[in-house]
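Novice: Read in full-length UniProt numbering, the sequence shown has 5 at position 5, and its numbers run on one by one without any break.
Just so it is clear, CB atoms sit at the ideal spot from N, CA and C, and this is done for glycine as well.
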Amino acid sequence: MLLRVLSNTVWIHLVLFIVPRVFKSCFLSSSNCFLSSYNEIPKYRPVYIHCRTSRSSYKSIKMLEKLGFNNLINIQGSFLQLSYYEYFNDKTTNRKKILTDYNFE
Numbered sequence: 001m002l003l004r005v006l007s008n009t010v011w012i013h014l015v016l017f018i019v020p021r022v023f024k025s026c027f028l029s030s031s032n033c034f035l036s037s038y039n040e041i042p043k044y045r046p047v048y049i050h051c052r053t054s055r056s057s058y059k060s061i062k063m064l065e066k067l068g069f070n071n072l073i074n075i076q077g078s079f080l081q082l083s084y085y086e087y088f089n090d091k092t093t094n095r096k097k098i099l100t101d102y103n104f105e
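Here you go:
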């Protein structure tokens, strides 16, 4: 499953490679636009890619590079690390969370 997130302040693409069961459990609150195919990923601006553990995003980048993409950036740390980081910040600063849920499992 491909999911695109567009930043409100800077025109970037964030592509999240996840399996459906993970998507049902948690994701970025601003995630709302599904890509139907890799043809929707732009080749003319940076594309940031991540997944739960960084494994699928790495494999996805290798596949997309074979298809001619050279603007791909793998976000190291993964959604799992983001969950830990955001949980800590949400609890210590009492702010509104940006994740629908934390994914620690």
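Are three or more beta carbon pairs between the stretch 88 to 101 and the stretch 50 to 67 nearer than 8 Å?
Specialist: Result no; under three Cβ-Cβ pairs closer than 8 Å.
Novice: When you compare only the Cα positions, how much space is there between residue 139 and ASN74?
Specialist: Here the chain covers residues 1 to 105 and nothing more, so residue 139 does not appear.
Novice: Taking GLN81 as the reference, give the member of GLY68, PRO46 and HIS50 with the closest Cα.
Specialist: Selected option, being the one with the closest Cα: HIS50.
Novice: Quick check for students: name the residue ranges of the beta strand (DSSP E) that lie wholly in the UniProt domain "Rhodanese" (34 to 87), counting only runs of 3 or more.
Specialist: Listed in chain order, they are 47 to 50 and 72 to 74.
Novice: Around the C-beta of ASN103, are 16 or more other C-beta atoms found within 10 angstroms, so that it is buried, or is it exposed?
Specialist: With 16 or more other Cβ atoms within 10 Å, it is buried.
Novice: Using CA atoms only, rank isn't needed, just tell me which of ASN94, ARG95 and SER83 is closest to ASP101.
Specialist: It is SER83.
Novice: Going by beta carbon distance, what residues of the same chain come within less than 6 Å of residue 109, once the five residues before and after it are set aside?
Specialist: Here the chain has residues from 1 to 105 only, and residue 109 is not among them.
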